[in-house]
Each structure stands twice: as structure tokens, then as C-alpha cells.
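Protein chains: 2
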Amino acid sequence: MTAMDDASARERANLGRPDFDTLRKRAFNLRWATVDSDVIPLTAADPDFPAPAAAVTAIAEYLRAPHLCYGPAAGLPEFRSAVGAHYRANKSATGVSGKHVIATNSAASALALIARHLVQPGDEVVVQDPVDFLVAETARRAGATLRYWQTVDGRFTLDGLAAAVTPATRLLSVCHPHNPLGSLWDQAEVVAITNYCCERGISLLADEVWSDVVLDGAPFFSFASRENGKHAPWVVYGLSKGYGLAGLRIGAIIAPSEEEAERLCATAGFDQTIEGAATLSQIAATGALTHGASWLEEFLRHCAAQRDMAIARLSALRGVRIGHKPSATFVLFLDIRGTGLDEGEAARRIEQHARVRVVSGSPRWFGASAKGHVRISLATTRDVLDEALSRIERAWPQITHGCDRRPDSLQDP
Amino acid sequence: MTAMDDASARERANLGRPDFDTLRKRAFNLRWATVDSDVIPLTAADPDFPAPAAAVTAIAEYLRAPHLCYGPAAGLPEFRSAVGAHYRANKSATGVSGKHVIATNSAASALALIARHLVQPGDEVVVQDPVDFLVAETARRAGATLRYWQTVDGRFTLDGLAAAVTPATRLLSVCHPHNPLGSLWDQAEVVAITNYCCERGISLLADEVWSDVVLDGAPFFSFASRENGKHAPWVVYGLSKGYGLAGLRIGAIIAPSEEEAERLCATAGFDQTIEGAATLSQIAATGALTHGASWLEEFLRHCAAQRDMAIARLSALRGVRIGHKPSATFVLFLDIRGTGLDEGEAARRIEQHARVRVVSGSPRWFGASAKGHVRISLATTRDVLDEALSRIERAWPQITHGCDRRPDSLQDP
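Here is the structure:
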């Protein structure tokens, strides 16, 4: 238990202790403020930890002169530069500069704006299955006809992609690192996917909102790297996952070129003040990116320890399978088909009997192939996760009571 | 000069002194950070004054527990309630509650979302001419064919409206109080316009972003009042004008009913986190609305004094006419047709010779009938406005040099 004791000590230092009374008032989106008082919500991917001190300090310093006037359309120069520098330093994104960056009102809105910018109603867009609902939803809202890139042995490979692409494919929209599988492409894969799209004239959009949450010191190779080839994809970044700033709705677009960034600012309404991000959110994000490295480091160590504890204990439950150990994200995607329960019934019973809320792997949230899965978030304290896992372990016989699924159902279809 | 001395003293107290060094770094959108260092920008409608202390204090208190998690889709309960209470208490909007309110990423984005919600491509939308570009631009972006409500003797009357409406009219989108004319409808006019639309099945959208800036103690009767009749319009509110929070991008939609509010949240993407407003911006706005009344009162007194000084001095310039004394807003719309200059040339010469930047009344910014006008913002200190006016007065002979427009051009066309 030494690693966990270490993690516990660190929480009290740099990472900070959650204030659960405050979370019960503030944490919406299926979390503490929305559940019965005896329920632990391992739901929306939003850390229970307080924001990095670097973000809070940056706000306080900015407000010493409390002028909150209009910022520039594409974002504050310091925010744009900080995102560019972060991408160059930590995501192998050679050649990215602040001029490619546009500050957005969340990563989610960035996905929607780019999809609307690139897609005409009726165009085909390829998305992964499973994948976080926003990737598919933002393409659908732009009028796309969706086609699905399925996994092969739990991996998204070029062969799988080729099976989804048609001559009518206009855009490939991917989630990288992948939510909910927690998987990561290496440099060779990123380059191969980029080149595949480039050769076929297919636009490419990578949702890298999870790219700060890469575990075990693994490298992250961004689609924004200018060394990928001639065809620089559109990339979306955000600070809701790695830095716990979901409420500030601060994200960014990294455009293929300065000209494309300017064109999006005009067509999407940034130049008209219709789109844009709050300056204070940009200031907080700039603080986190510039001075939050030690916070993030501790948070990632904590997430890895949480993941290891959860995998060890949940894998031991009858009918639960975890295909791959996540290399990234702080979510676990549990295959519960072995229990005989469908995902909705499983989530209902887990809440009823264990008083823990999880996210059902319904087609609505993660696509058709998410059926028979539930997702849990690990970004809480060791104590809370331990308690939630203990409750699930104790209640598992009740949760699975009356189900007797055949062993062959343990196989992937 | 007693009134002005009073105003000056108040600035130093509650209203606060602008920090121009900070404004030169932060005030974008055609303002201090974007002009040559010797130019005074009387451009974008964004006060030079620091934000109300109530807004800054609210942020500081919120950050004592620095949890910045996802807020609820439609906005924080306290923000929604505060907007509802503000509308009931100060805008005669009987029957409005927090359940009608949706927090938005600026008033501008709110206009765009409602237009997209109501308008199908090809639908006819009636907008005023002149009017702030965002009213027309957001309808155009939704695919509307625009028709124009022209003034009669400088007023927007029902007769003028009837001349613009056709059987294909789907939506009337108005700016109230009116930017750039500074005019205001009274209760009878608001009810008449609402009823006119109701009887014809025309949706109604009122941009009330200026509704906190009503001068001389005049009452403001909102389109959101539930006593207008059965047909409650869509209303947009914001805190960029009356409270100087433009950088926080915090606005609100007041929907015709709770059900309509819920429907918009689903269709526009609030429920999917695609749309929404930063929680910290909502907290600042809630502070301003709840504890900022004395700040606003002083700001309005100051704006009225600025208006009176500017009208007295600018009206004395050869070829300048100010049709109506504004009852609201802190902008002045100067008819400069008497100079023989067009609006673009006038703005260029005013910057060149007086080192003051104004907004050209180009069709792009204010509609076709804005030609021959320039707009100036008055929301700076008495000293800065005085200096800007003195510069314009001194340079006026140069500015108008070589122009000899016939007296008949002083008449409205």
C-alpha cells in the first residue's frame, strides 16, 4: 500500500484536498450536486480536486486591476502563446505557434464550430465507435451522415479506418487520447492516419481534450505536429480534464495554418463577438499552463494509482472484464456483458444497491459498440474511490442477482 | 459646471478610476489596446471604468473554495434567479423567473442561438435600420432574408413596422433600448409591438443588452413582461454595457416559457455542454446584479452628464446634427451629412486630424440608413471625453476642409 500512502500524502500537499461540501453545491453534470446525498458519483469526467493554485493566483493577480473589457477575437495573446508553448514542449507539436491557436468557450464548442466549418449537410464523417458522444454529436449537428470506425482487438487501426471510409468521406473526427477506452496512438500511427487522410483529401479533426492526462510517463504525439506531413489537421484542446477547469469553459482550436485560423474566426463569428472565450477563463488557463506543471504531475501519478487499484478490484468481480489497461484518461470502461445485464440495468442496479453512480455505456453516450459497458471516473480521492469500490464489491451479488449469462457471452461479438 | 464636478467626485468614489495603462494592454475590440498611443478611442461600447467591486468581490469569495467544476447546463441557479429578480425589480418584467433564464456566453451568442432556433433558411426576418450590426448579422447567419423597419421622424413606429412585414415574416428582431439611436419605447409601444406580432404569428426577439443604461431616471418596460399579453417574446440580456463585464462574455436568454427554455437548451447544445457560460463569469454577474446597484446608479448619472456635455459641444460644430437626445445607452449617433463628408472619410479625418477614433456609420456596422453618421462612445472619464471633444473642436476646420455641402443635404432623405 506504499504507493497509495504516497499518493495520499501528495494530495494533501500540492494537489489539494477536495471540499465535498462545496462539491455538493457546485459539481453538476451528473456529479455531486445532482445525486442523492448518500450516492458517490463516478460519472462526468471532471476531477474532484480543487483547481491548480497557479490558475487561482493568475485570476487574483489579473483582478488587481479590475478591467474586464473586451479581449481580442481569437483570444488573449498570452493564452494563445501558452497553448502553443504547451503543445511544443509537451505534445511533440513542432511548428505550432500562438497564431494557430483560437481560444474557445470549451473544447465541446470548438468541436462543434470546426464541424460546422468543414461539413456540409449530407457529407460523410467517420467517427470512432465507441467514442465520447460529443465527437459524433458535433458532426451530426453539422448535418453529417456518420460512418463508424470500429476497433480491431480493442485498437483503432488503419484497416478499421479503411473499412469506414468511402469516396464521399469529407472528415475524419477522432478522439485522442481516446475516451472511453483510454488508448493512445504512437507517433507512427498519428503520422499514418494523417497521411492516409491527406492522400484522400479527407479533413482531419482530433479532439485532444484528454492529452494532458497521459499516464506512466508515456509520450504523447499530437496531431498538431507540423512534422506530420503537409496536411496539418484541426486539433481541439481543453483544460477541463487535465487541470480541472471545466466550469471555466476554456478550450482552444489549433488550426492547420494561420490563414485557416483567421478564416474560422471570420466565418464562425469570433470577429463579430458571437464566439469567444471569457478573458478570465483564459487568464486562469494561462496560469495553469505556465505554472501548473507540478500540480499536473501529481495529479497524473494519482490517476495512475487510482487506475491500478480500480482495475485490480473490479477485474475480480464476476462478469467484469477490462480489455486494456488505459494509457491515458482517468476513466475506466468496464465490459459487463459477462454479468448478463445490459448497460442501463447495470447502472441502475449499481446505484440502487451500491449507492454509486456510473455512466451507462448507452449508444447515446458512447456509440453502438458501447453496449454492455459502463464507464467510471477515477478522478476523486483515494478514500472516496476505495469506498465506492468497496460498496460495489459488497453489493455485487445483489447487483448481478438473477442473471446467468452463458460463458460464451464473455467473447466480443 | 457643478454637475460635472459632482460626477468627477463620484468617479473617484464608487465608480472607480480607470487605469489607462491597464486599458492599453487589455481593451481590445477597437479600443485602447488597438490604437496608436496618442489616439483616444471612442469606439466599441465598453466602459473604461473598472468593473463594479461587487463583481470582483463575488469572484474572490467563490475562489476561496477553488472548485471550478461543471455548472448546470442552463446556468447556475443563483445567476438565473438574479437575472429574474433584476428583470422583475428594474424592468417591469412581471412574471419572469429564473426558470425562464439561460446563461449564455455573451448577449451576442444568445442572439445567434435564438435566431438559429427560430429561423429556417429563406425565412423573412424584419430588423430595424439603422441598428447594431449584431441584430442583422445573427439573423443573416441563420439563413434569413432580411427586411428593414425604417424610422419615421427618427422613431420606430407601428406604421413603419407594418411597411416591412409580409406574409412570409417569421421573426421581428429588435434592439431595445436602441443602439445607436439611444431611443426607448414606452410600455404602450412595447405592448403594441408585442400584440402586433402575436396577432400575425410572428416571433419576436428583443435585444435588451442596453436595458441597464437608461438615463434620467426614465422607466424601462421590458419585452419580457408576462403582462404584455399571451405572446411572451424572446429576450436577450447582457452585462457588457451596464456593468462593464464585456470580457467575461456573460449574457442571458429570457425564454417565452420554461418549456421553451428547456427546448432551446436541448436543441442549441446547452444540455450537451456545447453551449454555456463560464461559472466564474456567472458569479461575477450575480455579484454585480445583487450588490452593484449603487455602482450602476453613479455610472448612469455620469453617462447622462457625459451625454449632455457631448451634445452641447458637438451640436455646435458646422454640419453636425444630433436628431434626438438619447434616453438610453452611452453612445451618440452624429449625423455628419451637413459636412459633405461620407461616414468613412469623416472617421478617417477625425482620427488623422483630431487623434480620436470613432465608429463609422457604415452599412456594415449599422445598416444602410446609417450612412452619413458616426458613432461615439461616452463611457470614459470626464477628462478624457473633454480632451477628445476639444481635439475634435480644434481640428474641425481641417476635418471639414474642402467640403461644401449644400444646405439641403442637412435634411433627411
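One line per chain: the protein sequences are F and H, in this order. Be aware that the first sequence starts at 43, since it is given in the numbering used here, and climbs by one per residue. Be aware that the second sequence starts at 43, since it is given in the numbering used here, and climbs by one per residue. Positions of the beta carbon are idealized from the N, C-alpha and C atoms, including for glycine.
{"Check": "Rounded separation between Val-232 (chain F) and Thr-208 (chain F) - CA only", "Outcome": "20 Å"}
{"Check": "Arg-291 (chain F) to Asp-174 (chain H) span [Cα, whole Å]", "Outcome": "27 Å"}
{"Check": "Contact between the segment 257-269 of chain F and the segment 83-101 of chain H (3+ Cβ pairs under 8 Å)", "Outcome": "no"}
{"Check": "heavy atom of the ligand SAM below 6 Å from Phe-312 (chain F) C-beta", "Outcome": "With respect to the ligand SAM, the structure shown offers nothing to examine, as it has no ligands at all."}
{"Check": "Residues that Cys-217 (chain H) bridges to, as DSSP identifies them", "Outcome": "H:Asp-249"}
{"Check": "Contact between the segment 195-211 of chain F and the segment 226-242 of chain F (3+ Cβ pairs under 8 Å)", "Outcome": "yes"}
{"Check": "Gln-324 (chain H) versus Leu-57 (chain F): straight-line alpha-carbon distance, rounded", "Outcome": "26 Å"}
{"Check": "Classification of Glu-152 (chain F) by the beta-carbon crowding that lies within 10 angstroms, buried from 16 upward", "Outcome": "According to the sequence displayed, residue 152 (chain F) carries Ala and not Glu. Its Cβ being crowded by 16 or more others within 10 Å, Ala-152 (chain F) is buried."}
{"Check": "Touch test, the segment 324-333 of chain H against the segment 107-123 of chain H, Cβ-Cβ under 8 Å, three pairs minimum", "Outcome": "yes"}
{"Check": "C-alpha distance - Pro-439 (chain H) paired with Gly-361 (chain H), whole-angstrom precision", "Outcome": "11 Å"}
{"Check": "Close beta carbons around Ile-316 (chain F), own chain, < 7 Å, minus the five adjacent residues each side", "Outcome": "none"}
{"Check": "Neighbour-count burial assignment, Pro-275 (chain H), 16 or more Cβ in a 10 Å radius", "Outcome": "buried"}
{"Check": "Any 3 or more C-beta pairs closer than 8 Å across the segment 251-265 of chain F and the segment 366-384 of chain F", "Outcome": "yes"}
{"Check": "Below-7 Å beta-carbon distance, Ile-82 (chain F) vs any chain H residue", "Outcome": "no"}
{"Check": "Own chain, CB closer than 8 Å to Asp-450 (chain H), minus 5 neighbours either side, in chain order", "Outcome": "Per-residue confidence for Asp-450 (chain H) stands at a pLDDT of 45, beneath the threshold of 50, marking its modelled position as unreliable; the derived number appears in the next sentence. No residues qualify anywhere along the chain."}
{"Check": "Thr-315 (chain F) - containing beta strand (DSSP E), residue span", "Outcome": "Taken as a continuous stretch (DSSP letters only), Thr-315 (chain F) belongs to no beta strand (DSSP E), as it is neither H nor E."}
{"Check": "Identified DSSP bridge partners for Leu-188 (chain H)", "Outcome": "H:Val-167"}
{"Check": "Rounded C-alpha distance that separates Phe-62 (chain H) from Ala-294 (chain F)", "Outcome": "29 Å"}
{"Check": "Given 8 Å, three or more beta-carbon pairs between the segment 338-356 of chain F and the segment 102-111 of chain F", "Outcome": "no"}
{"Check": "Own chain residues within Cβ distance below 7 Å of Pro-298 (chain F), not counting five before or after", "Outcome": "Ala-274, Pro-275, Trp-276"}
{"Check": "Validate contact between the segment 380-389 of chain H and the segment 340-355 of chain H using beta carbons, cut 8 Å, 3 pairs", "Outcome": "no"}
{"Check": "Segment contact flag, the segment 413-423 of chain F with the segment 393-403 of chain F, C-beta cutoff 8 Å, min 3 pairs", "Outcome": "yes"}
{"Check": "C-alpha gap between Val-138 (chain H) and Glu-301 (chain H), whole angstroms", "Outcome": "13 Å"}
{"Check": "Reduced DSSP secondary structure (H/G/I, E/B, other) of Ala-49 (chain F)", "Outcome": "Note that Ala-49 (chain F) scores 48 on pLDDT, short of 50, meaning its location in the model is unreliable; the coordinates nonetheless yield the value given after this. Residue state, collapsed to three classes: helix."}
{"Check": "Own chain, CB closer than 8 Å to Arg-406 (chain F), minus 5 neighbours either side, in chain order", "Outcome": "Phe-175"}
{"Check": "Euclidean distance between Cα positions of Asp-428 (chain H) and Arg-397 (chain H)", "Outcome": "13 Å"}
{"Check": "Neighbourhood of Ala-437 (chain H) by C-beta distance below 7 Å, restricted to the same chain and skipping five residues each side", "Outcome": "His-395, Ala-396"}
{"Check": "Interface flag, Asn-71 (chain H) vs chain F, CB-CB below 7 Å", "Outcome": "yes"}
{"Check": "Distance between Arg-59 (chain H) and Val-256 (chain H) (C-alpha atoms, nearest Å)", "Outcome": "22 Å"}
{"Check": "Under 8 Å from the C-beta of Ala-86 (chain H): neighbouring residues of chain F", "Outcome": "Tyr-112"}
{"Check": "7 Å Cβ shell around Gln-453 (chain F) - same chain, five flanking residues per side excluded", "Outcome": "In this prediction, Gln-453 (chain F) has a pLDDT of 45, which is less than 50 and means its spatial position is unreliable; nothing more can be read from the coordinates."}
{"Check": "Test: Ala-100 (chain F) CB closer than 7 Å to a CB of chain H", "Outcome": "no"}
{"Check": "C-beta atoms of Ala-86 (chain F) and Leu-72 (chain F) nearer than 7 Å", "Outcome": "yes"}
{"Check": "Beta-carbon neighbours of Ser-151 (chain H), restricted to chain F and to distances below 9 Å", "Outcome": "Asn-147, Gly-311, Thr-315, Ile-316, Glu-317, Gly-318"}
{"Check": "Under 7 Å from the C-beta of Pro-108 (chain F): neighbouring residues of chain H", "Outcome": "Pro-92, Ala-93, Val-98"}
{"Check": "Leu-213 (chain F) versus Val-168 (chain F): straight-line alpha-carbon distance, rounded", "Outcome": "6 Å"}
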